[in-house]
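Respectively, the protein sequence lines represent chains A and B. For the first sequence, my numbering gives the first residue as 138, with consecutive numbering after it. For the second sequence, my numbering gives the first residue as 138, with consecutive numbering after it. For each residue, glycine too, the CB sits at the ideal point set by N, CA and C.
Number of protein chains: 2
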Amino acid sequence: MPHNQLDAVLAQVDAGLEASLDRLFALLRIPSISTDPAYAEHCQAAADWLATDLAALGFDASVRPTEGHPMVVAHDQGAASARHVLFYGHYDVQPVDPLALWEFPPFEPRLVGSGDTAVIRARGASDDKGQLMTFLEACRAWKAATGSMPAKVSILLEGEEEAGSKSLPAFLDASAGELEADIALVCDTDMWDRQTPAVTTMLRGLVGEEIEIRCASQDLHSGMFGNAARNPLQLIGEIIASLRRPDGSVAVDGFYDGVEDLPEAMRDQWRSLGFDESKFLGDVGLSIPAGEEGRSVLEQIGARPSCEINGVIGGYTGEGFKTVIPAKASAKISFRLVAGQDPQKIREAFRAHVRARIPADCSVTFSGHGASAAIALPHDSPLLRQALGALRDEWGKEAAVVGSGGSIPVVGEFSRRLGMDSLLIGFAHVDDRIHSPNEKYDVASFRKGIRSWVRILAALAEA
Amino acid sequence: MPHNQLDAVLAQVDAGLEASLDRLFALLRIPSISTDPAYAEHCQAAADWLATDLAALGFDASVRPTEGHPMVVAHDQGAASARHVLFYGHYDVQPVDPLALWEFPPFEPRLVGSGDTAVIRARGASDDKGQLMTFLEACRAWKAATGSMPAKVSILLEGEEEAGSKSLPAFLDASAGELEADIALVCDTDMWDRQTPAVTTMLRGLVGEEIEIRCASQDLHSGMFGNAARNPLQLIGEIIASLRRPDGSVAVDGFYDGVEDLPEAMRDQWRSLGFDESKFLGDVGLSIPAGEEGRSVLEQIGARPSCEINGVIGGYTGEGFKTVIPAKASAKISFRLVAGQDPQKIREAFRAHVRARIPADCSVTFSGHGASAAIALPHDSPLLRQALGALRDEWGKEAAVVGSGGSIPVVGEFSRRLGMDSLLIGFAHVDDRIHSPNEKYDVASFRKGIRSWVRILAALAEA
Numbered sequence: 138m139p140h141n142q143l144d145a146v147l148a149q150v151d152a153g154l155e156a157s158l159d160r161l162f163a164l165l166r167i168p169s170i171s172t173d174p175a176y177a178e179h180c181q182a183a184a185d186w187l188a189t190d191l192a193a194l195g196f197d198a199s200v201r202p203t204e205g206h207p208m209v210v211a212h213d214q215g216a217a218s219a220r221h222v223l224f225y226g227h228y229d230v231q232p233v234d235p236l237a238l239w240e241f242p243p244f245e246p247r248l249v250g251s252g253d254t255a256v257i258r259a260r261g262a263s264d265d266k267g268q269l270m271t272f273l274e275a276c277r278a279w280k281a282a283t284g285s286m287p288a289k290v291s292i293l294l295e296g297e298e299e300a301g302s303k304s305l306p307a308f309l310d311a312s313a314g315e316l317e318a319d320i321a322l323v324c325d326t327d328m329w330d331r332q333t334p335a336v337t338t339m340l341r342g343l344v345g346e347e348i349e350i351r352c353a354s355q356d357l358h359s360g361m362f363g364n365a366a367r368n369p370l371q372l373i374g375e376i377i378a379s380l381r382r383p384d385g386s387v388a389v390d391g392f393y394d395g396v397e398d399l400p401e402a403m404r405d406q407w408r409s410l411g412f413d414e415s416k417f418l419g420d421v422g423l424s425i426p427a428g429e430e431g432r433s434v435l436e437q438i439g440a441r442p443s444c445e446i447n448g449v450i451g452g453y454t455g456e457g458f459k460t461v462i463p464a465k466a467s468a469k470i471s472f473r474l475v476a477g478q479d480p481q482k483i484r485e486a487f488r489a490h491v492r493a494r495i496p497a498d499c500s501v502t503f504s505g506h507g508a509s510a511a512i513a514l515p516h517d518s519p520l521l522r523q524a525l526g527a528l529r530d531e532w533g534k535e536a537a538v539v540g541s542g543g544s545i546p547v548v549g550e551f552s553r554r555l556g557m558d559s560l561l562i563g564f565a566h567v568d569d570r571i572h573s574p575n576e577k578y579d580v581a582s583f584r585k586g587i588r589s590w591v592r593i594l595a596a597l598a599e600a
Numbered sequence: 138m139p140h141n142q143l144d145a146v147l148a149q150v151d152a153g154l155e156a157s158l159d160r161l162f163a164l165l166r167i168p169s170i171s172t173d174p175a176y177a178e179h180c181q182a183a184a185d186w187l188a189t190d191l192a193a194l195g196f197d198a199s200v201r202p203t204e205g206h207p208m209v210v211a212h213d214q215g216a217a218s219a220r221h222v223l224f225y226g227h228y229d230v231q232p233v234d235p236l237a238l239w240e241f242p243p244f245e246p247r248l249v250g251s252g253d254t255a256v257i258r259a260r261g262a263s264d265d266k267g268q269l270m271t272f273l274e275a276c277r278a279w280k281a282a283t284g285s286m287p288a289k290v291s292i293l294l295e296g297e298e299e300a301g302s303k304s305l306p307a308f309l310d311a312s313a314g315e316l317e318a319d320i321a322l323v324c325d326t327d328m329w330d331r332q333t334p335a336v337t338t339m340l341r342g343l344v345g346e347e348i349e350i351r352c353a354s355q356d357l358h359s360g361m362f363g364n365a366a367r368n369p370l371q372l373i374g375e376i377i378a379s380l381r382r383p384d385g386s387v388a389v390d391g392f393y394d395g396v397e398d399l400p401e402a403m404r405d406q407w408r409s410l411g412f413d414e415s416k417f418l419g420d421v422g423l424s425i426p427a428g429e430e431g432r433s434v435l436e437q438i439g440a441r442p443s444c445e446i447n448g449v450i451g452g453y454t455g456e457g458f459k460t461v462i463p464a465k466a467s468a469k470i471s472f473r474l475v476a477g478q479d480p481q482k483i484r485e486a487f488r489a490h491v492r493a494r495i496p497a498d499c500s501v502t503f504s505g506h507g508a509s510a511a512i513a514l515p516h517d518s519p520l521l522r523q524a525l526g527a528l529r530d531e532w533g534k535e536a537a538v539v540g541s542g543g544s545i546p547v548v549g550e551f552s553r554r555l556g557m558d559s560l561l562i563g564f565a566h567v568d569d570r571i572h573s574p575n576e577k578y579d580v581a582s583f584r585k586g587i588r589s590w591v592r593i594l595a596a597l598a599e600a
């Protein structure tokens with residue numbers, strides 16, 4: 138691709154920034170809250186607005202009904218490139234309560250401040266309208282400056298991401314032929330810091346298990362039975378304690394089978410990122426890392442599997458005291474998985490671990506909640522290398538390649554249903570207050586996000 | 138005492154049984170749950186009802202306010218006897234949750250069945266309203282048949298027994314001159330079996346502790362923080378597991394200091410009682426004894442200290458799943474003590490045990506619930522011999538002299554503050570489901586309990 142062509146597109150971005158902001162503001166004014174049925178027509182309006190905008194850009198755009206809120210799908214055949222990318226974003230937003238905590242009406246977007254510190258304030262400014270519009274504006278700049286897209290581009294915009302993406306799996310299955318591409322581009326994540334973009338290549342999977350342990354056939358008085366009757370809360374405690382070794386590793390048999398250590402190059406990069414463990418933990422009132430000894434917080438969250446106790450209940454938990462030995466007790470326990478771990482094997486290993494600790498006159502029942510494998514983009518992926526090069530050109534430094542401790546369900550669905558890897562590149566910041574009152578998006582995120590996608594599209598076009 | 142006088146009182150008991158049941162039912166209808174502040178006025182109502190009933194019997198009765206629920210105190214100078222007995226019972230009852238497991242409304246007492254198998258069903262039917270009313274009805278029969286009590290009788294009815302008896306120590310100190318008697322009679326224990334009454338001469342003490350562990354300053358997402366952030370439910374599990382050794386003994390430092398093995402003579406009597414461990418456990422759906430290896434169930438409950446987990450709550454415990462690392466979690470834990478153990482030392486040892494397991498960036502707060510030492514009545518007490526004779530006359534066989542696993546804190550307070558021994562004679566059964574849904578009391582327990590007290594009062598009057 139001629140260098141002066143790319144420069145022309147980038148110049149177009151900067152020249153058109155004010156108009157880009159106007160369009161984002163128009164989208165932000167639509168209160169497309171997906172979890173509240175009262176806002177269904179606004180979700181439809183947001184989908185219509187996006188399809189109209191994409192059609193105006195020359196995309197073959199349509200609004201597709203689902204059992205929930207509609208999908209927006211758009212395609213552009215692009216210039217002569219063998220590459221096909223699928224961009225994913227979501228146009229629905231979180232509810233705005235508690236409204237009293239907002240310093241401005243959440244659906245009346247405004248620009249506050251100027252220069253480097255200017256921000257766009259509105260519900261959805263960051264999550265995910267601001268982020269998805271970085272890609273649409275990049276497409277617009279390509280079209281305006283060159284008349285075409287540098288590669289074949291498909292776009293999928295969802296309206297139920299904040300409501301559990303209920304319609305997505307069936308929609309992907311039904312539209313697989315249309316949506317399958319060489320790579321998915323997902324813009325719903327954070328930058329490393331204000332100077333450093335990030336590509337998320339690892340996402341942990343999740344296995345949730347609920348156990349209920351029953352011992353005696355009724356609640357017992359601890360005076361009359363204490364010592365001699367098995368106490369299910371004692372068993373729950375012993376099971377919880379048995380799940381971690383003294384060194385903090387997870388003690389379920391075979392838990393680490395297939396788990397590989399972080400490549401040394403990645404570990405080096407992570408060290409160089411200067412992640413501030415003290416601040417990360419200090420922000421939530423902690424100072425001593427838990428978990429596996431000898432591994433950094435960043436590695437533990439991004440690249441190591443974990444086991445967490447999410448809830449326990451049993452016995453008398455009201456005011457005062459009741460000297461009861463309860464008949465039953467239960468716990469919710471989840472495992473975060475990394476690449477190489479099979480969710481079903483982990484589930485079975487956990488159940489065997491628990492069963493081995495239940496006396497023969499007691500019983501345990503298991504309820505599974507979700508089972509998703511981890512996602513990991515191969516470190517040597519040429520598309521990753523191309524995207525990293527584009528980001529380096531825009532930001533003047535290496536992007537951080539990171540793992541995310543949480544799950545982003547759509548990425549798993551793309552992998553499972555379309556056999557497609559994802560590049561997670563976003564320009565949000567941890568202080569954007571997504572899901573909270575007073576959400577914002579930096580104008581710098583918006584402008585340099587658009588420019589980043591312009592470059593990434595150019596880079597990925599070169600198959 | 139003329140034998141025909143005693144016969145007249147016993148005949149009065151049988152003739153008045155229906156009216157006695159009516160009065161018990163009236164008391165059972167008052168939901169005097171002491172642990173829940175919402176029921177305070179019902180505790181007051183139960184105290185008022187009892188004082189009114191005792192005044193109607195000719196006792197000098199009054200309701201005495203405390204910082205918690207009131208005490209009922211009543212006195213009758215009785216006939217010319219040198220003996221003064223103090224009867225103790227408690228009018229408060231346990232909470233009723235889980236309400237869904239009750240087969241009938243807990244405060245709508247009813248009579249179910251007939252003849253030998255008739256039972257009174259209600260919360261408090263056994264613990265302790267049914268039991269305390271056996272004594273009041275015995276007094277009523279004495280008054281009705283002879284016009285007076287055979288000895289000087291004082292009565293103390295408490296309303297905080299199920300809530301740790303917080304007001305009792307100060308009340309006993311302030312009322313020592315009024316309440317000190319030759320012996321305390323306490324009706325809050327079980328019979329050995331349906332044919333054999335029991336006098337409990339050993340009683341376990343109790344120390345209750347509630348711990349709340351706080352880690353992060355807010356609930357955390359287990360994806361973003363899992364592994365690296367300390368989880369208070371994990372800590373609770375580890376603490377629970379650390380409280381018992383693999384051989385079932387309690388692992389708190391110094392816990393068994395001062396604890397002596399059961400005397401060989403008592404061990405022999407217990408063996409002769411033919412206690413059926415399989416049936417005892419089988420009745421509540423269990424078959425494998427828990428607790429200390431190598432000790433019988435009877436010894437473990439009657440003569441060995443224990444540690445029980447009475448309640449645990451933390452994290453998400455509703456329907457479905459939430460991948461949260463909670464900011465806090467709490468547990469209620471109690472210790473049953475035997476002679477030789479100091480409640481304050483046990484409490485401090487437990488707190489030290491827990492503190493040693495709390496990381497420096499987390500915190501634990503302790504709330505103490507009750508602290509009572511174990512009790513042991515001298516085996517050669519003449520009052521014990523008199524009571525055993527009265528029981529032999531009523532039941533036609535020797536009463537069992539046993540140890541009780543439960544704690545009756547007042548007995549320790551009587552010993553400590555009033556220098557007074559207690560005779561623990563109760564008519565409850567192990568299947569009464571006290572503290573559990575569907576509590577009951579056998580009508581036979583009620584009738585023969587009243588008759589037993591009639592005889593015991595006669596026997597004790599003969600100093």
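Under 7 Å by beta carbon: chain A residues contacting residue i
i               : result
L423 of chain B : C352, A353, A366, R367, D498
R570 of chain B : Q355
Chain B residues whose Cβ lies nearer than 9 Å to that of residue i
i               : result
R484 of chain A : None at all; the shortest Cβ gap to chain B is about 14 Å.
Coarse secondary structure for residue i, derived from DSSP in three states
i               : result
V389 of chain B : coil
D327 of chain B : strand
R341 of chain A : coil
R166 of chain B : coil
F308 of chain B : helix
G586 of chain A : helix
D569 of chain A : coil
S291 of chain B : strand
A318 of chain B : coil
A366 of chain B : coil
T502 of chain B : strand
K303 of chain B : coil
E298 of chain A : helix
T172 of chain B : coil
E178 of chain B : helix
R382 of chain B : coil
Any non-hydrogen atom of the ligand MG closer than 7 Å to residue i Cβ
i               : result
R441 of chain A : As presented, the structure is devoid of all ligands, the ligand MG included, so that no description of it is given.
Within chain A, partners of residue i - CB distance below 9 Å
i               : result
E375 of chain B : G374, I377, A378, R381
I348 of chain B : The contacting residues do not exist; I348 of chain B stays about 12 Å from chain A at best.
Closest residue to residue i among the options (Cα-Cα distance)
i               : options                        : result
P202 of chain A : A:D185, A:S415, A:A510, A:R408 : A:D185
G455 of chain A : B:G455, B:G457, B:R341, B:A468 : B:A468
F564 of chain B : B:M328, B:S359, B:A486         : B:M328
E576 of chain B : B:D173, B:R260, B:L154         : B:R260
A600 of chain A : A:T189, A:K289, A:V146         : A:K289
V501 of chain A : A:T254, A:N364, A:C352         : A:C352
8 Å Cβ cut-off: residues of chain A touching residue i
i               : result
E429 of chain B : N364
Q) Which runs of the beta strand (DSSP E), 3 residues or longer, sit entirely within the stretch 402-489 of chain B? A) Every unbroken stretch of the beta strand (DSSP E) spanning 3 or more residues and falling wholly within the stretch 402-489 of chain B is given here in chain order: 443-452, 465-474.
Q. At what residue ranges does the stretch 186-273 of chain B contain a whole run of the beta strand (DSSP E), taking only runs of 3 or more?
A. Counting only unbroken stretches of 3 or more residues, the beta strand (DSSP E) elements lying wholly within the stretch 186-273 of chain B are 197-201, 208-213, 221-227, 247-249, 256-258, in sequence order.
**Q.** Whole runs of the beta strand (DSSP E) within the stretch 507-552 of chain A, excluding any shorter than 3 residues
**A.** For the stretch 507-552 of chain A, whole beta strand (DSSP E) runs of length 3 or above, ordered along the chain, are 537-541.
Q) the stretch 432-462 of chain A: which residues have C-beta closer than 7 Å to a C-beta of chain B, in chain order? A) Those residues of the stretch 432-462 of chain A that come within reach of chain B (Cβ to Cβ, closer than 7 Å) are V434, Q437, I438, R441, S443, E445, I446, N447, G448, V449, I450, G451, G452, Y453, T454, G455, E456, G457, F458, K459, T460, V461, I462.
Q.
Tell me which residues of the stretch 316-345 of chain A have at least one Cβ-Cβ distance to chain B shorter than 8 Å, keeping chain order.
A. Correct list: R341, L343, G345.
Q) Name the residues in the stretch 197-218 of chain A whose C-beta lies less than 7 Å from a C-beta of chain B; which are they? A) Along the stretch 197-218 of chain A, there is no position whose C-beta sits under 7 Å from a C-beta of chain B.
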